[in-house]
Amino acid sequence: MTTTSTTERTDTWDMIVVHRVFRREFRILPALVRAVKPGDTVRAGVLGEHLANVAGGLHHHHTGEDEMVWPLMLERAAMHADLINRMEAQHERLHEPLARIDEILPRWRARALATDRDELADVIAQASVALDEHLADEEREILPLIERYLTPDEWRAVGERGRKTIPSGRMALVFLGSILEEATPSETKRFLAELPLPARLLWRLIGERTYAAARDRVRVG
1 MTTTSTTERT DTWDMIVVHR VFRREFRILP ALVRAVKPGD TVRAGVLGEH LANVAGGLHH
61 HHTGEDEMVW PLMLERAAMH ADLINRMEAQ HERLHEPLAR IDEILPRWRA RALATDRDEL
121 ADVIAQASVA LDEHLADEER EILPLIERYL TPDEWRAVGE RGRKTIPSGR MALVFLGSIL
181 EEATPSETKR FLAELPLPAR LLWRLIGERT YAAARDRVRV G
């Protein structure tokens, strides 16, 4: 059995901050989608782009866990195999609504039909329920095990993989803003401290207003 070094404790605080983004966006998107008038392809395009980014981010998030976390956990914490396998099964269950979103979304963006709109909103709501269940289980039962069985370097590698999936330029500021929206002042300070200096400077110069404009475009129209 391998446990992390006692000289530096593995801290999974950042995972909880990121989880808030997925919870929030999947929670608010069904109502935003349902409010789009039939035929309004411009509004459908705005929300569709945002939904595609959020769903893509969740896919990368789960793929990182599937490839970099669960294998190590199964190897080192075999007595918790049932719990870890449950996390993998929850990922699989989420795959179905996410695949349906990928299927419906291009149709809705192209024509903004009411039938596609309503089906899409229903699927997003289903994904939101499944996601809340999964993330709650993960935070309550898995993150304490990760802090015990993964080293700080291994956990940083998981975070670095996630950062590499974030687009560059303006979208990087939007992604960062979405993470910091509900962060506490101490979480914000800590999260920014872990970014490269150029990224921190860019956020301080134009980050907040760039994110605010993108957020309002989605939520207000």
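Mind the numbering: the sequence shown is residues 1 to 221 in our numbering, read in order. Every residue gets a Cβ at the ideal spot worked out from N, C-alpha and C, and that includes glycine. A quick note: this is a predicted structure, and the numbers were derived from the prediction, not measured.
If you look at residue 170, you'll find it in the alpha helix (DSSP H) that goes 170 to 180. DSSP, reduced to helix, strand and coil, places residue 189 within a helical segment of the structure shown.
The Cβ atoms of residue 64 and residue 162 lie closer than 9 Å to each other. At a Cβ-Cβ threshold of 9 Å, residue 101 and residue 35 do not count as neighbours. Of the candidates 132, 113, 17 and 111, 132 places its Cα closest to the Cα of residue 91. By the 16-neighbour rule on beta-carbons within 10 angstroms, residue 30 is buried.
In the displayed model, residue 184 falls within coil according to three-state DSSP, outside both helix and strand.
A direct Cα-Cα distance of roughly 43 Å separates residue 204 from residue 80. A contact is defined here as three or more CB-CB pairs under 8 Å, and the stretch 107 to 120 fails this definition with respect to the stretch 165 to 172.
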